[in-house]
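Q: Residue 57 in UniProt numbering sits at position 57 of the sequence shown, and the numbers go up by one each step. All C-beta atoms in this analysis are idealised placements derived from N, C-alpha and C, irrespective of residue type, glycine included. Note that this is a predicted model, so its numbers are computed, not measured.
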Amino acid sequence: MKEGFSLCGHHRGIASGRSRSKSPLPAGEVLTPEFWIRKLPDPDGIILSEGEIAAYNLEVRRRLSGIVLDLASYPEEMAGEELKRLLEERKQPDRELYLGGRRLGAFFWEELSREMNLQGIREVNRVHYACTVRPTGIRAFPAAAMITERPEEREFDLFQETALDPAEPVIVLHESAGGEWFFVQASFSRGWVAAADLAVARSREAWLDYLESKSFLVVTGSRLRLGYNPCSPEVSELEFLMGSRIPLAAPEEIPEAVDNHSPAGNYVVKLPVRGKNGELAFKLALVPRVADVSEGYLSYTRAGIIRQAFKMLGERYSWGGRFNLRDCSAFVRDVYRSFGFQFPRNSREQELVPGKGVFFANAGEGERKRLLDRLLPGATLHMPGHVMLYLGRHRDEYYVIHAIAYYGDREKRNPDGTLAAVPVNEIAVTTLSLPRRASGQQLLAALTLGKQIER
1 MKEGFSLCGH HRGIASGRSR SKSPLPAGEV LTPEFWIRKL PDPDGIILSE
51 GEIAAYNLEV RRRLSGIVLD LASYPEEMAG EELKRLLEER KQPDRELYLG
101 GRRLGAFFWE ELSREMNLQG IREVNRVHYA CTVRPTGIRA FPAAAMITER
151 PEEREFDLFQ ETALDPAEPV IVLHESAGGE WFFVQASFSR GWVAAADLAV
201 ARSREAWLDY LESKSFLVVT GSRLRLGYNP CSPEVSELEF LMGSRIPLAA
251 PEEIPEAVDN HSPAGNYVVK LPVRGKNGEL AFKLALVPRV ADVSEGYLSY
301 TRAGIIRQAF KMLGERYSWG GRFNLRDCSA FVRDVYRSFG FQFPRNSREQ
351 ELVPGKGVFF ANAGEGERKR LLDRLLPGAT LHMPGHVMLY LGRHRDEYYV
401 IHAIAYYGDR EKRNPDGTLA AVPVNEIAVT TLSLPRRASG QQLLAALTLG
451 KQIER
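(1) Give me whichever residues DSSP pairs with N425 in a beta bridge.
(2) Ignore the nearest five residues each way along the sequence and tell me which others in E253's own chain have a CB closer than 8 Å to its CB.
(3) What does DSSP give as the partner residue(s) for R190 in the beta ladder?
(4) Give the single residue among G227, G243 and S244 whose Cα lies nearest to the Cα of E237.
(5) Just curious, the alpha helix (DSSP H) that I46 is in, first and last residue?
(6) Taking the alpha-carbon of R134 as reference, which of E123, A163 and N117 has the nearest alpha-carbon?
(7) At which residue ranges does the UniProt domain "NlpC/P60" (299-444) contain complete alpha helix (DSSP H) runs of 4 or more residues, listed in the order of the chain?
(8) Who are the near neighbours of E59 in its chain, counting only those whose CB is closer than 7 Å to its CB and skipping five residues on each side?
(9) Going by other Cβ atoms of all chains shown within 10 Å of its Cβ, with 16 needed for buried, is Q185 buried or exposed?
(10) When the Cα atoms are used, what is the spatial distance from L449 to G378?
(11) Express the C-alpha separation of R393 and S23 in angstroms, rounding to a whole number.
(12) Quick one: which unbroken beta strand (DSSP E) runs of 3-plus residues sit fully inside the region 21-107? Chain order, please.
(13) With distance defined between alpha-carbon atoms, name the residue in E212, N125 and G320 nearest to C131.
(14) Along the chain, where does the alpha helix (DSSP H) that runs through Y210 open and close?
(15) Mind checking who R223 pairs with in its DSSP beta bridge?
(16) Just how far apart, CA to CA, sit E50 and L432?
(17) Going by other Cβ atoms of all chains shown within 10 Å of its Cβ, with 16 needed for buried, is K451 buried or exposed?
(18) Return helix, strand or coil for residue 459, following the three-state DSSP convention.
(19) Contact check, S189 vs I121 under 8 Å by CB: the rounded distance?
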């Protein structure tokens with residue numbers, strides 16, 4: 001998930017392996033996808049077929065049962081005890097937290113507890129089916145307020161779990177006391193979503209028909225923003241992130257004009273919108289054929305992994321998907337969902353997906369480098385609270401691309417002896433010699449696992 005913030009960092013001072021400044025961040029050709037693709041022996045060879053990826057996803061759901069789900073097979077009812085357990089999964093933090101720079105008091109938590117509406121749980125609870133109608137966040141609790149660990153913090157919202165794209169199917173399990181929040185299950189996460197960001201289907205069949213659309217676009221650029229639409233403001237300038245799956249309209253559904261705009265030269269997509277009473281309805285929208293999208297998922301190749309990752313280079317880091325941006329695990333998940341993979345959201349859970357792994361525990365520096373030499377570019381690299389994508393070796397350095405917030409400054413220390421934090425806050429290419437925030441430990445020394453995503 002968003003765990004990568006505790007160490008993260010950026011780069012721009014090593015050109016072709018030679019230091020240009022005190023910055024440990026690379027520059028030059030290593031910041032291009034072509035540089036790394038040229039090093040591959042078979043860049044366009046298919047790693048897994050579409051059918052093999054479907055089988056892989058079945059194994060992901062088996063290993064991570066309860067975390068990564070097939071929503072189409074979700075039960076239509078839930079026992080009250082189970083629903084209460086899910087609602088109480090996230091415990092009230094046992095440390096001081098802040099809202100707008102002011103410490104939260106007991107009254108805030110009492111109000112939050114009432115809003116969770118535990119008294120509204122029935123012995124047997126029927127679920128409901130919905131789709132997101134705009135980008136939205138999944139929250140740990142039913143509150144939009146930004147809650148922080150430090151009064152001066154402005155970026156890391158501890159209530160933010162993850163983000164959802166428009167047209168994302170979810171299952172509604174519970175409603176808050178005031179009706180402004182729904183507790184939902186998405187395919188990879190659960191938590192509270194603003195009710196106004198969802199359209200609830202009248203029937204499971206209508207929702208399932210949309211969920212299982214066979215013809216769809218996949219966003220293959222870093223993001224896709226629909227054009228301005230004066231006729232249908234509910235779909236105007238909607239933004240989707242890489243890997244989003246957007247159902248296409250059937251040929252018989254396409255009129256001569258969509259909102260006074262000819263569909264010639266466009267893909268016609270079918271988007272969920274809210275009806276007068278918040279019910280699920282659909283509108284057609286246009287995606288220009290020049291957009292960075294694909295009909296169906298991309299072919300899974302090593303060159304493809306690298307190209308997808310570099311499309312996000314330099315974009316701002318954001319904890320838990322706030323501001324429609326990415327943290328370390330969202331970056332990895334978006335790259336891999338472009339090829340049809342169903343990944344969990346959090347970095348500690350991404351370690352558990354199937355693959356060919358190498359283990360770094362108890363290995364010295366030389367052995368760690370030998371293990372890295374066994375991995376191919378595109379492999380995931382893991383350490384506590386963080387995940388990266390491996391690019392390869394260049395001269396005497398090992399390179400990764402990842403979403404990173406800070407690294408440690410070995411020349412400056414805090415009063416407690418820890419290294420001062422140097423902000424990066426972006427998706428960056430770095431070497432594994434980069435020092436971690438606070439401890440100064442190299443990323444190489446912190447590695448616990450490397451994994452090639454294949455069967």
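A: This is what the structure gives:
(1) Answer is none; N425 lacks a bridge partner.
(2) Cβ neighbours of E253 beyond the five flanking positions: V268, K270 and L284.
(3) Q185
(4) G227
(5) No alpha helix (DSSP H) contains I46, which DSSP labels as neither H nor E.
(6) Cα-wise, what sits closest to R134 is A163.
(7) 302-310, 328-337, 347-350 and 365-373, all fully within the UniProt domain "NlpC/P60" (299-444).
(8) P354
(9) buried
(10) 14 Å
(11) 20 Å
(12) 77-79
(13) E212
(14) In this chain, the alpha helix (DSSP H) harbouring Y210 covers R204 to L211.
(15) L241
(16) 33 Å
(17) buried
(18) The shown model of the chain, from 1 to 455, leaves out residue 459, and the question about it has no answer.
(19) Going by Cβ atoms, the distance from S189 to I121 rounds to 21 Å, so no, they are not a contact pair.
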